[in-house]
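Asker:
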Amino acid sequence: MVELTVDGNKVEVPEGSMVMHAAQKIGLYVPHFCYHKKLSIAANCRMCLVEVEKAPKTLPACATPVTNGMVVHTCSEKARAAQKSVMEFLLINHPLDCPICDQGGECQLQDLAVGYGGSSSRYQEEKRVVFHKDLGPLVSAEEMSRCIHCTRCVRFGQEIAGVMELGMLGRGEHSEITTFVGRTIESELSGNMIDICPVGALTSKPFRYSARTWELARRRSVSPHDSVGANLVVQVKGDRVLRVVPFENEAVNECWISDRDRFSYEGLNSEDRLAAPMIKGADGKWQEASWSDALQAVAQGLSRVRDSFGAGQIGALASEYATTEEYALLGRLVRALGSENIDFRLRQTDPAFDAALSGAPWLGMPIAEIDNLDRVLVVGSFLRKDHPLIAQRLRQAAKRGTQISLIDGSADNQLLPVTARVTVAPSEMAAALAEVIVALAQAKDQPVAAEFASVVPGENAKLIAASLASGANTAVLLGNLAVSSPVAATLAANGNALAALAGGKFGFLTAGGNTVGGYLAGAVPGQGGKTATAMLAEPLKAYVVLHAEPLLDADNGPQALAALRGAQFAVALTPYRSSAQDWADVMLPVSPFTETSGTYVNAQGAAQSFKGTVAPFGQTRPGWKVLRVLGNVLQLPGFDDETSESVRDTVLAGGFENRLSNAVKAAPGLGRRLAGLERLADVPIYRSDAIVRRSEPLQAAPASRAPGARMNGQTLAQLGLTAGVKVRVSTPAGAVELETVQDDAVADRAVRIAAAWEQTAALGGAFGEISVERA
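For the sequence shown, full-length UniProt numbering gives the first residue as 1, with consecutive numbering after it.
1) Apply the 10 Å Cβ neighbour rule to residue 164 and answer buried if 16 or more other Cβ atoms are within range, or exposed otherwise.
2) Between the region 307 to 320 and the region 539 to 550, do at least 3 Cβ pairs fall closer than 8 Å?
3) Which residue wins for smallest C-alpha separation from residue 76, given the options 453, 194, 515, 30?
4) For residue 70, name the three-state secondary structure that DSSP assigns.
5) Which of the three DSSP states, helix, strand or coil, is assigned to residue 686?
6) For the alpha helix (DSSP H) containing residue 516, name the first residue and the last one.
7) Taking just the CA atoms, how far does residue 187 sit from residue 139?
8) Quick one: is residue 133 buried, meaning 16 or more other Cβ sit within 10 Å of its Cβ, or exposed?
9) Within 7 Å of any Cβ in chain B, is that where the Cβ of residue 342 sits?
10) Return the residue from the list 513, 486, 516, 495 that minimises the CA-CA distance to residue 534.
11) Would you identify the three-state DSSP class for residue 438, choosing helix, strand or coil?
12) Taking the Cβ atom as the reference point for each residue, do residue 316 and residue 334 lie within a distance shorter than 7 Å?
13) Looking only at DSSP bridge pairs, what is residue 18 linked to?
14) So who's on the other strand from residue 9, going by DSSP bridges?
15) Here's a check: name, in chain order, each residue in its chain whose Cβ is nearer than 6 Å to the Cβ of residue 71, leaving out the five neighbours to either side.
16) Looking at the structure shown, is residue 399 part of a helix, part of a strand, or coil, going by DSSP?
17) If you draw a straight line from the C-alpha of residue 607 to the C-alpha of residue 256, how long is it?
18) Considering only the alpha carbon of each residue, which of 37, 200, 111 lies closest to residue 100?
19) Per the contact definition of three or more C-beta pairs closer than 8 Å, is the region 502 to 516 in contact with the region 399 to 412?
20) Could you name the residues that DSSP lists as bridge partners for residue 286?
21) Could you check what DSSP says for residue 500 in three-state terms: helix, strand or coil?
22) Closest by CA to residue 324, which one among 556, 756, 609, 37?
23) I'd like to check one pair, residue 651 with residue 523: are the Cβ atoms closer than 7 Å?
24) Please confirm if the region 714 to 724 is in contact with the region 732 to 747, defined as three or more CB-CB distances below 8 Å between the two stretches.
25) Please determine whether the Cβ atom of residue 107 lies at a distance below 6 Å from any heavy atom of the ligand MG.
26) Name, in chain order, the residues that DSSP records as bridge partners for residue 122.
27) Could you give the residue range of the beta strand (DSSP E) that holds residue 609?
28) Would you mind giving the Cβ-Cβ distance between residue 239 and residue 615, rounded to the nearest angstrom? I have them listed as a contact below 8 Å.
29) Going by DSSP, name the residue or residues bridged to residue 193.
30) Can at least three beta-carbon pairs, one atom from the region 340 to 350 and one from the region 361 to 371, be found at a separation below 8 Å?
31) Let me know the alpha helix (DSSP H) ranges lying completely inside the UniProt domain "4Fe-4S Mo/W bis-MGD-type" (216 to 272), each 4 residues or longer, listed in chain order.
32) Quick check: the region 410 to 426 against the region 439 to 449, are there 3 or more CB pairs under 8 Å?
33) Counting only runs that start and end within the region 703 to 747, where is the alpha helix (DSSP H) found for 4 or more residues in a row?
34) Starting from the N-terminal side, write out each stretch of the alpha helix (DSSP H) that is 4 residues or longer and does not extend beyond the region 599 to 646.
35) Do the region 376 to 395 and the region 457 to 476 touch if we need at least three Cβ pairs shorter than 8 Å?
36) For the alpha helix (DSSP H) that residue 303 lies in, which residues bound it at each end?
Set out below in structure tokens:
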């Protein structure tokens with residue numbers, strides 16, 4: 001530790017710290033623009049100049065290492081004069097457009113100009129003008145004349161997002177921040193550049209000119225879109241969400257959020273919102289109804305099916321972003337009716353997966369613990385797109401020496417150093433894991449399990465095994481693709497066996513914002529109950545569907561639609577009209593996460609409760625209230641809760657850590673390799689749920705471009721095809737016409753075709769054999 005004096009205060013900081021860190025430790029604010037605690041030090045704004053005794057001139061606090069006995073003055077006459085001079089230089093070319101600037105009212109330059117700027121400018125010459133840039137549909141760079149060249153955005157891209165999409169051209173007065181040769185920003189974390197820009201140069205394009213910052217109410221919430229559960233500040237004007245920014249929580253999302261978390265709010269304001277309960281008449285036409293009439297219609301429909309066909313013909317389906325309270329009451333409802341058919345895992349296809357689990361699958365460690373791992377193997381994940389903030393943590397860990405290995409179906413650039421990688425078609429992933437197990441067992445002189453006696457590990461499997469063997473703090477993590485696989489139980493068993501052999505942790509990168517909460521709340525089939533896949537493959541007579549959009553959220557969308565349309569009765573609890581009007585008999589408008597109170601349990605098992613941030617749209621009601629009142633209308637016991645907190649406490653009170661378990665009861669195995677071409681289906685980052693799919697800015701982003709049939713060059717050549725030709729892609733479920741795209745990252749024998757698109761829904765399930773022929 002080094003001891004120094006800052007403004008008369010003695011302070012101790014670790015060796016290698018800067019004066020800025022010492023000042024922050026004792027709560028002293030040193031003005032700055034380019035410094036950011038999560039970014040490297042640039043020292044190019046010079047606003048943090050301070051006086052250091054015995055130094056001939058003022059020094060930048062952010063880039064001056066501390067020494068023993070150093071005496072620093074942050075607000076002496078000499079320091080203040082230097083800071084005021086820097087502020088004068090910064091304002092020379094800055095436009096005087098605060099009244100129309102979106103940053104006005106929350107602008108660092110504006111704030112510091114009050115404290116350190118002059119009352120009038122001595123500068124009489126013309127100010128420079130910088131031409132605006134097109135950075136895509138999310139980030140606006142329309143007023144780059146405001147830029148003060150702090151380079152925070154450049155450093156963010158390089159260091160946090162992992163890709164340098166912005167850089168600086170020119171020198172001196174001619175310097176400007178720009179993209180590379182007319183390209184736009186495509187990073188899934190790009191919106192954070194808006195937050196860290198200290199002036200109004202980079203602003204939110206969807207929010208642009210919508211409101212002034214002082215008109216907005218700020219309310220905390222939690223993101224429902226992935227398993228991190230990023231903490232949000234939802235900014236509201238009237239009853240409309242106008243902006244979403246991060247709430248800092250080092251243990252969860254640090255100070256970042258993904259663009260999916262930031263810009264999905266546009267989907268909340270969609271014209272597709274369902275404003276009132278609707279009942280389908282005998283003529284097939286929709287009619288608005290009162291809540292009492294709609295709930296009576298639902299109660300009568302469910303009772304009729306139970307009385308005529310038995311309670312076992314009633315099933316409940318939900319999406320992975322329903323709240324824990326909604327899951328609990330949905331489960332309570334169907335069980336009170338006498339059925340165990342309830343499931344929220346609409347993409348899960350392995351019937352053996354539930355029997356393989358010993359408890360609620362979870363990450364197996366705190367999210368922040370990822371920073372401390374030294375060896376990581378991620379299996380079956382489109383990591384950057386499925387879990388952008390976990391990918392970011394792994395990127396930072398890699399800089400500190402963590403070795404990251406991957407077993408995947410497409411060798412996408414994860415924008416981090418990869419130690420070793422095995423890229424195989426989905427049906428070969430279990431065998432690929434087995435190869436690593438055998439290689440690690442051989443490296444440790446351990447016996448090889450009998451089921452793997454015939455396995456000969458390849459070179460890449462040996463590299464992964466060597467990496468895991470050399471680590472002291474290791475983890476094997478299963479991604480979304482692995483968990484939704486038809487051999488998910490085998491993959492989990494192999495992953496668990498590998499982690500045990502390596503002496504490390506085993507965990508699941510759970511798919512949805514409340515996957516762990518769904519397990520804890522019992523929104524999974526009980527004894528004799530059917531999974532979502534079984535409920536849709538062997539159609540029931542009645543369905544209750546919560547938040548889900550079956551065509552796009554289920555593994556086999558057309559099969560799901562057929563089952564729902566063929567049912568005697570189907571009710572949709574949904575915020576969106578179009579998600580249910582083709583198959584439901586009754587539509588009940590329920591609140592998305594911003595209009596209800598509730599709880600999400602993230603991948604690490606942290607329960608995060610939140611309140612509604614705006615009043616419900618139209619006649620929309622919180623889902624938990626609708627389910628509770630529906631229970632009352634059906635005269636079922638156990639529906640007396642007056643608050644969402646009391647529902648939550650029935651699930652989570654008394655602690656639930658002992659219910660989290662990644663122990664796997666299934667036997668390891670090799671799976672079954674498919675002979676021909678097989679589908680590799682990813683869920684694109686901006687197609688993951690109903691809210692995101694209705695956000696126009698996200699749908700305009702490059703990541704949402706229309707799907708194609710992506711194959712590597714070798715697979716294309718074997719089929720006699722080239723990139724850019726129309727092909728007919730067929731599965732047992734159906735066929736679609738797509739354009740071929742050469743993507744050498746895709747595994748041999750695999751055809752990567754995105755799920756969650758209307759254009760590809762006819763193909764049915766996300767796994768299995770597929771045929772491709774010229775159209």
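Glycine residues also receive a C-beta, built at the ideal position from the N, C-alpha and C atoms. Small disclaimer: the values here were computed from a predicted structure and weren't measured.
Answerer: Reading from the atomic positions:
1) exposed
2) yes
3) 30
4) coil
5) helix
6) 515 to 520
7) 11 Å
8) buried
9) In summary, chain B is missing from the structure at hand, where a single protein chain is found.
10) 486
11) helix
12) yes
13) 65
14) 6
15) 5, 53
16) helix
17) 20 Å
18) 200
19) no
20) 280
21) helix
22) 609
23) no
24) yes
25) As presented, the structure is devoid of all ligands, the ligand MG included, so that no description of it is given.
26) Note: residue 122 sits in no beta bridge, so no partner.
27) 607 to 610
28) 5 Å
29) DSSP, once it has assigned bridges, lists no residue as partnering residue 193.
30) no
31) 259 to 263
32) no
33) 713 to 718
34) 623 to 633
35) yes
36) 291 to 309
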